[in-house]
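Undergrad: Here's a structure for you.
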Amino acid sequence: MNNNLVITIGRQYGSAGREIGQTLAKRLGIKCYDKELLAVAAKESGLCHELFESHDEKPTSSFLYSLVMDTYSMGYSSSGYMDMPINHKVFLAQFDAIKKLADQESCIIVGRCADYALEEYPHTYSVFIHASLEKRIQRIKRLYELTDDKAKDLIVKTDKKRASYYNYYSSKKWGEAKSYDLCVDSGVLGVEGTVQLLEAYIRIKKENFSFN
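As structure tokens, this is what we get:
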């Protein structure tokens with residue numbers, strides 16, 4: 001097991017999770033993988049990039065999770081993998097890419113059940129970014145020039161998809177405090193304040209980890 005620093009960020013839609021991840025990555029001098037993870041997974045797996053775009057953090061209802069992970073343990077060349085629905089192949093490719101990135105470099109990974117994929121990595125920090133619905137409506141409304149109603153509808157639908165995806169593929173519950181090391185309200189702290197808090201948290205946890 002290496003000593004790479006990896007921060008995983010789960011986020012409610014409109015909470016600025018991606019911006020916070022990108023800003024924190026710059027401060028730490030490491031890369032932030034959000035949509036970029038899709039390209040890495042596509043390259044590693046040989047599946048076309050468009051498949052990752054169309055299935056990105058989308059809920060699924062086919063097959064059983066246990067069958068998916070049993071196939072993962074047997075490898076991509078098994079008959080089970082070949083017969084697997086494409087959404088599961090996409091998940092496994094991302095799962096594998098996340099582990100490889102964590103083995104290769106210090107980085108920040110946004111979404112995609114990264115905290116679950118890396119739960120056995122001791123130097124991983126899992127964070128969930130949230131904010132009040134009103135704060136998120138105002139942010140999405142401003143970014144995409146939407147009405148309040150359309151912004152709210154987009155937020156509700158996106159969060160529902162993310163929660164379904166996370167709850168299906170992981171053994172935890174999306175957005176539940178005990179599923180993460182730290183939950184932060186970016187609506188209260190703002191992007192800069194949240195980044196400062198995460199920097200302090202990482203520093204303190206590192207010191208405590210070394211002490212133990």
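In the numbering used here, the protein residues as written are 1 to 212. Note that the Cβ used here is the ideal one computed from N, Cα and C, for glycine as well.
Kindly indicate which residue of Thr23, Ser186, Cys113 has the alpha-carbon position closest to the one of Lys165.
TA: Checking the sequence, you will find Tyr at residue 165 rather than Lys. Answer by Cα proximity: Cys113.
Undergrad: Throw me the rounded Cβ distance for the Lys31 and Glu145 pair, which I believe falls under 8 Å.
TA: For Lys31 against Glu145, the beta-carbon gap comes to about 30 Å, at or over 8 Å, which does not count as contact.
Undergrad: Please state whether DSSP places Thr147 in a helix, a strand or coil.
TA: coil
Undergrad: May I ask which residues mark the beginning and end of the beta strand (DSSP E) holding His123?
TA: Element bounds for His123: n/a, residue is neither H nor E.
Undergrad: Going by the beta-carbon positions, is the gap between Ile9 and Val110 smaller than 9 Å?
TA: yes
Undergrad: In the DSSP output, what is Arg11 paired with across the bridge?
TA: Ile129
Undergrad: For Lys172, which residues in the same chain have their Cβ closer than 6 Å to its Cβ, ignoring the five residues on either side in sequence?
TA: Annotation for Lys172: Ser179 place their beta carbon closer than 6 Å to its own, counting only its chain and skipping 5 residues before and after.
Undergrad: Kindly indicate which residue of Ile108, Thr158, Val188 has the alpha-carbon position closest to the one of Ala25.
TA: Ile108
Undergrad: Within this structure, are the beta carbons of Val184 and His130 separated by less than 9 Å?
TA: yes
Undergrad: For a quick check, are the C-beta atoms of Leu28 and Glu199 less than 9 Å apart?
TA: yes
Undergrad: The alpha helix (DSSP H) spanning Leu24 covers which residue range?
TA: DSSP places Leu24 inside the alpha helix (DSSP H), whose first and last residues are 17-28.
Undergrad: Who are Asp185's beta bridge partners in DSSP?
TA: Beta-bridge pairing links Asp185 to His130.
Undergrad: Any chance the region 154-170 sits against the region 4-18, with 3 or more Cβ pairs inside 8 Å?
TA: yes
Undergrad: Output the distance between the C-alpha atoms of Gln22 and Gln94, rounded to the nearest integer angstrom.
TA: 20 Å
Undergrad: Identify the continuous beta strand (DSSP E) that holds Lys31 and give its terminal residues.
TA: First-last of the beta strand (DSSP E) with Lys31: 31-33.
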